[in-house]
Amino acid sequence: PRKYRLGMLDERIVPVGSKARKSKNPIGCLADRCKTGVPINMVWWNRVTENNLQTPNPSASEFIPKGGSTSRLSNVSQSSMSAFSQALFSHPSMGSPATAGLAPGMSLSAGSSPLHSPKITPHTSPAPRRRSHTPNPANYMVPTSASASVANAVSQPPSTGQVIQKETVGGTTYFYTDTTPAPVTGMVFPNYHIYHPAAPHVAYMQPKANAPSFFMADELRQELINRHLITMAQIDQADIPAVPAEVDSYHSLFPLEPLPPPNRIQKTSNFGYITSCYKAVNSKDDLPYCLRRIHGFRLVNTKCMVLVDMWKKIQHSNIVTLREVFTTKAFGEHSLVFAYDFHAGGETMMSRHFNDPSADAYFTKRKWGQHDGPLPRQHAGLLPESLIWAYIVQLSSALRTIHTAGLACRVMDPTKILVTGKTRLRVNCVGIFDVLTFDNSQNNPLALMAQFQQADLISLGKVVLALACNSLSGIQRENLQKAMELVTINYSSDLKNLILYLLTDQNRLRSVNDIMPMIGARFYTQLDAAQMRNDVIEEDLAKEVQNGRLFRLLAKLGTINERPEFQKDPTWSETGDRYLLKLFRDHLFHQVTEAGTPWIDLSHIISCLNKLDAGVPEKISLISRDEKSVLVVTYSDLKRCFENTFQELIAAANGQL
């Protein structure tokens, strides 16, 4: 009998020559021989397996579709906010601060054809006609044994539902396990990509009934465009010569806030130094970063870099991550630069909530004690309590992470809290105070962290009180009683108790975890809101997920149609397969009605492109422009012409023709 070479049960071609291990089980012995590539008598194979193997299902589907307004810049106000780091009540202990590659459940051998083994498939294998890597939707509804290990798939007989497929290529016979389930009776899936309607739980959350069905919401699109605009913004170097072209490994500097005048003498109330902020691109990774420059600061001791390294390790959704700290003289003087992640479109809490001068006037002029019951918050011009609790959850989460790492925030200030989107907060400028106020005489740089952490809680209480009053005047000591009365009238007792706990002097060291009982079930409200927001964004993403694929199809089609000349042939685009693609382009975009008017239908264009990408067997009629010729072709024919023609262009572009 003629002998054949077997292999590929575990998706590997192995050299012939090694001896097979003996096995009492004929199936196991065969598997061992298949591993080593030893020639096997096919008659013996048929006799052993004729009662064990299932024949391929002739009704199995051979076709699986191939998967185929300007935002405000961050404006840091220079108002006097030094009181945020000082306690309203004295504290005796407080001094002034000086098998990537495989998806879960997948195996190497189960359900894989040898024709798709990477890098080792024979060149003569008819790979394009066999299978696609796009999963069949029916797979998710029918239990399979695809999660079996390689050893089990090779050494054990096929389980129920599996089919041993045989294929001969170039005189070599390959056997592989086909776990593709048979089609379920009564189930029909589309054989090309389609757009599905919105999920019900998201559709009922839509605030607008006329929201676009094929594209993301206009509000989200505008927000993303504004972020991209700010990220790509540049300056004219001739108009602003004070900004250097390059600082260390950063280039394309763009000021994010008004530059201080060159003859400025007074220092900021936050850090005690003149500061400026820029967006810049790192030449090492081509990513945008935010550079915070400390003017006129000379770093004389590098021991503080221990704290900088600790800050670099903190990754939190409500903290702007510090990436590096370096000194430079690119600005014409000694400067210390802190590099942070850049969040485009962010604005400070100061500019978002405390830039209205009328709010302070209303707060200071209100006649206390002259009211008939609690006034509605919207009439008083105050923030909703749900928004304040959303801020509390985020800020307390950031403080908890910072304190757990053994550090202190020290910048819990409205001018140093960024707001992106509607309610997303991030604490900015972390680590700057640790470097500027580093004491070389301290043997332990973390000795004062406990004291600074207590100051963080007081600063958090002042931020919450200022938000509740919608005015910075409420945090002043002389207005404290009036501010708390305003909170008592308009907000819940939990918010009032939280503010009192944070601002009142305690005889013990407090922790940010102590306010968790006061937040209570409101934490779940914020978690629910975040997950609902995630559902809406995922739905918008689902609308756009196919658009990139369709754009690539149109880009390829555009490189083929109406090409003036190719390989010195001026009629190349008008002959052969290219002529079919030209007529298909007319079928896509140049349809007319019976009256001769243009027929514009976006769903027609999307449907035809999806069918072309999948290569469905559906037939269409392509009519020449003079209406003398009618060509009936299938989408699979068009796809073959399309791919062959584009590969011809690619080969010519790479110099292979």
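Be aware that the sequence shown starts at 1, since it is given in full-length UniProt numbering, and climbs by one per residue.
Beta carbons are placed, not taken as given, at the ideal position from N, Cα and C, and that holds for glycine.
Everything numeric in this text was worked out from a predicted model, so none of it was measured.
Could you give the C-beta distance for residue i and residue j, rounded to a whole number, given that I count them as a contact under 8 Å?
i: L322; j: G431; result: 5 Å
i: L259; j: A233; result: The pair is not a contact, with the Cβ atoms about 15 Å apart (cut-off 8 Å).
i: T634; j: L581; result: At roughly 14 Å, the Cβ-Cβ gap does not stay under 8 Å, so T634 and L581 are not in contact.
i: Q394; j: N318; result: 5 Å
i: T348; j: L425; result: Actually they are not in contact, since the Cβ atoms of T348 and L425 sit about 10 Å apart, beyond 8 Å.
i: S397; j: I515; result: Contact flag wrong, Cβ pair sits at about 11 Å.
What do you reckon, are the CB atoms on residue i and residue j nearer than 7 Å?
i: M350; j: P445; result: no
i: I294; j: Y278; result: no
i: A339; j: Y289; result: yes
i: V202; j: E539; result: yes
i: V320; j: N428; result: yes
i: residue 665; j: M518; result: The structure shown has nothing for residue 665, since the chain only spans 1 to 657.
i: T177; j: D248; result: no
i: L495; j: L553; result: no
i: A344; j: T437; result: no
i: M412; j: S471; result: no
i: L612; j: L649; result: no
i: R510; j: L448; result: no
i: P262; j: A330; result: no
i: N270; j: L382; result: no
i: A408; j: F354; result: no
i: F254; j: I235; result: yes
i: R400; j: F433; result: no
i: S636; j: P617; result: yes
Which residue wins for smallest C-alpha separation from residue i, given the options the options?
i: P564; options: S573, V243, F215 and D285; result: S573
i: R352; options: F452, V281 and A466; result: A466
i: P332; options: D309, F297, R400 and S459; result: Residue identity differs from the one stated: residue 332 is Gly in this sequence, not Pro. Nearest C-alpha to G332: F297.
i: T420; options: N226, R640, A651 and I164; result: N226
i: V435; options: N301, S276, S397 and V281; result: N301
i: D309; options: F326, S317 and L527; result: F326
i: A450; options: I620, L495, C469 and T404; result: T404
i: D286; options: H251, E485 and S276; result: H251
i: E324; options: H316, A330 and D341; result: D341
i: L220; options: V536, F589, I240 and G576; result: V536
i: Y501; options: Q481, C469, T168 and G461; result: G461
i: V464; options: S441, D236, L387 and R400; result: L387
i: E544; options: R522, A198 and L256; result: A198
i: I605; options: T597, A595, I623 and D586; result: D586
i: A468; options: W389, F584 and R477; result: W389
i: Q567; options: A652, I314, F589 and P200; result: A652
i: Q546; options: Q165, I600, N654 and S607; result: S607
i: S621; options: V632, G596 and M516; result: V632
i: K303; options: D439, Q531, Q647 and A530; result: D439
i: N561; options: I240, Q222 and C641; result: C641
i: K422; options: Q454, M484 and A530; result: A530
i: L291; options: S283, T275 and V337; result: V337
i: T275; options: K312, S335 and I314; result: S335
i: P384; options: K284, V487 and K628; result: V487
i: L503; options: R477, S629 and S603; result: R477
i: S629; options: V188, Y579 and I600; result: Y579
i: G558; options: F589, P570 and E618; result: F589
Just curious, the alpha helix (DSSP H) that residue i is in, first and last residue?
i: S636; result: Y635 to A653
i: L324; result: Looking at the sequence shown, residue 324 is not Leu but Glu. Element bounds for E324: not the alpha helix (DSSP H) but the beta strand (DSSP E), L322 to T328.
i: K482; result: L480 to N490
i: P261; result: Element bounds for P261: n/a, residue is neither H nor E.
i: R533; result: R522 to E544
i: G548; result: N547 to I560
i: Y204; result: Here Y204 belongs to no alpha helix (DSSP H), and DSSP marks it neither H nor E.
i: P517; result: M516 to I519
i: S493; result: S493 to L503
i: Q222; result: D218 to T231
i: W311; result: M305 to K312
i: R352; result: M349 to H353
In the DSSP assignment, find the unbroken beta strand (DSSP E) run with residue i in it and report its ends.
i: T275; result: T275 to N282
i: R292; result: P288 to H295
i: M339; result: One point to set straight first is that residue 339 is Ala, not Met, in the sequence displayed. From DSSP, the beta strand (DSSP E) with A339 extends over S335 to D341.
Exercise for the section: For the segment 372-449, list the beta strand (DSSP E) runs that are entirely contained and at least 3 residues long, ordered along the chain. Expected result: 417-420 and 424-427
Problem - Complete alpha helix (DSSP H) runs within the segment 578-641 (minimum length 4 residues, chain order) - result: 602-614
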